[in-house]
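Structure, as structure tokens:
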Amino acid sequence: MGKNEGDQKDNAIVKVYLKFLKIICRVGLWLFGVNRVESYYLCDDEWPKNIVSNHISAVDPFYFISEHASSFVAKKSLRKDIFVGLSVIALRCVFVYREKFEDRRIALESIKERQLLVQDKKNNYPSFVIFSEGTTSNGIQVIEQKKGAFFSLLPITPVLLIYDYGFLNPSYDILPFSWWLFLICANYQSIALKTYWLPKVYPPDPKKYPKLSEEERINIFHDEVSKIMFQNMKKYNPKAPQDIDDYNDWPGSLRIKTEFFQKALGKIATEYLSKEKKRSEYK
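Per UniProt numbering, the sequence shown starts with residue 1, numbered consecutively.
As structure tokens, then:
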């Protein structure tokens, strides 16, 4: 068998696996209580896309995989994970270390390289999703975004995830995973997920703004996308506060969820968070 025939066979196997994975993730959403998914595509029909999305819960990747078999930024340790290792490789995720400053610089270069490949539609890469807030929020509004997704200065498609829940807010994944998993699965068929794929946002044109430095263009691009996502969250999410106009003023971050968790469970929460931090550093 020639090399090309072998590659074609491997690609066919991966395609079949990804179709299977999309079905599994859709079933996973159902098991997690998401009985209705409504996707509103306000963007163009050009695929694949470089995407930035708000991040609410561990459920979020299930949506993007079930919808478009999208890739993500993932820890390198996940490649060897018994449960998700094969899936993150098949999805062609970008694997990074995140502990040291040098690791972050390399991660940033890897992200820029992948965004360029997606933009140029090369090598059949899937849409690339970055949860640009850098952590999960409480889902009510968008918090301040990190700038890593904007360093490439390539067009970005913002996506908003909005959960409508009756019993348990899926964002409470600060709880120990086994607790959260039990509660979310007990939340049978009581969550609706609405997603809004907003129009593509372009970085400042260097020809139009020749005096701007690259850093200034990145800052303007980051600020523009953040404002668009923040204002559209106010428009589409009925729970979003209407009296806050600046995304920098919204504090609905993981820090608040952590404080709530610690106050509610005291010593149990402190010991759990300390153990999780050490486990993360070890990986």
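Here a beta-carbon is modelled for each residue, glycine too, at the ideal position from N, C-alpha and C.
Own chain partners of residue i with C-beta closer than 6 Å, once the 5 adjacent residues on each side are dropped
| i | result |
| --- | --- |
| Gly139 | Ile56, Tyr163 and Ser171 |
| Lys283 | Per-residue confidence for Lys283 stands at a pLDDT of 46, beneath the threshold of 50, marking its modelled position as unreliable; the derived number appears in the next sentence. Within the same chain, Lys283 has close Cβ partners Ser77. |
| Met1 | Residue placement at Met1 cannot be trusted, given a pLDDT of 49 that sits under 50; what the coordinates show is reported in the next sentence. Same-chain partners within the cutoff: there are none. |
| Pro126 | Pro48, Ala69, Ser70 and Ser71 |
| Glu215 | none |
Residue from the options whose Cα sits closest to the Cα of residue i
| i | options | result |
| --- | --- | --- |
| Asn237 | Lys194, Glu224, Ala264 and Glu271 | Lys194 |
| Phe20 | Glu67, Arg36 and Tyr247 | Glu67 |
| Leu29 | Arg217, Phe64 and Asn232 | Phe64 |
| Glu224 | Ile156, Ala90 and Val14 | Ile156 |
| Leu168 | Ser190, Arg79, Ser226 and Ala149 | Ser190 |
| Asp60 | Asp173, Val16 and Asp81 | Asp173 |
| Leu265 | Val159, Tyr40, Pro176 and Ile106 | Pro176 |
| Lys112 | Ser87, Val73 and Gly134 | Val73 |
| Leu116 | Ala12, Ala149, Asp103 and Phe95 | Ala149 |
| Ile228 | Val201, Pro210, Asp243 and Pro206 | Val201 |
Continuous beta strand (DSSP E) stretch holding residue i: start and end
| i | result |
| --- | --- |
| Val159 | Thr157 to Tyr165 |
| Val129 | Phe128 to Phe131 |
| Leu193 | Ile191 to Trp197 |
| Val88 | Segment Gly85 to Ala90 is the alpha helix (DSSP H) holding Val88; no beta strand (DSSP E) there. |
| Val142 | From DSSP, Val142 is part of no beta strand (DSSP E); its letter is neither H nor E. |
| Phe32 | Careful: Phe32 lies outside any beta strand (DSSP E) and carries neither H nor E. |
| Val96 | Val94 to Val96 |
Delimiting residues of the alpha helix (DSSP H) encompassing residue i
| i | result |
| --- | --- |
| Phe177 | Phe177 to Ala186 |
| Phe150 | No alpha helix (DSSP H) contains Phe150, which DSSP labels as neither H nor E. |
| Phe230 | Glu214 to Tyr236 |
| Val118 | Phe101 to Gln119 |
heavy atom of the ligand MN below 6 Å from residue i C-beta
| i | result |
| --- | --- |
| Asp205 | Absence of the ligand MN from the depicted structure is noted, as is the absence of any ligand whatsoever, leaving it without description. |
Beta-carbon contacts of residue i that lie in its chain and below 8 Å, excluding the five residues immediately before and after
| i | result |
| --- | --- |
| Asp10 | none |
| Phe83 | none |
| Phe32 | Val59, Phe62, Pro170, Ile184, Cys185, Asn187 and Ile191 |
Beta-carbon contacts of residue i that lie in its chain and below 7 Å, excluding the five residues immediately before and after
| i | result |
| --- | --- |
| Pro204 | Leu212, Arg217, Ile220 and Phe221 |
Let me know the alpha helix (DSSP H) ranges lying completely inside the stretch 38-82, each 4 residues or longer, listed in chain order. Fully enclosed alpha helix (DSSP H) runs of 4 or longer: 60-68.
- Pairing CB atoms from the stretch 43-54 with CB atoms from the stretch 20-29, are three or more of them under 8 Å? Inter-segment contact for the stretch 43-54 and the stretch 20-29 is absent: fewer than three beta-carbon pairs are separated by less than 8 Å.
- Can at least three beta-carbon pairs, one atom from the stretch 141-160 and one from the stretch 215-234, be found at a separation below 8 Å? The stretch 141-160 makes contact with the stretch 215-234; the number of CB pairs closer than 8 Å reaches 3 or more.
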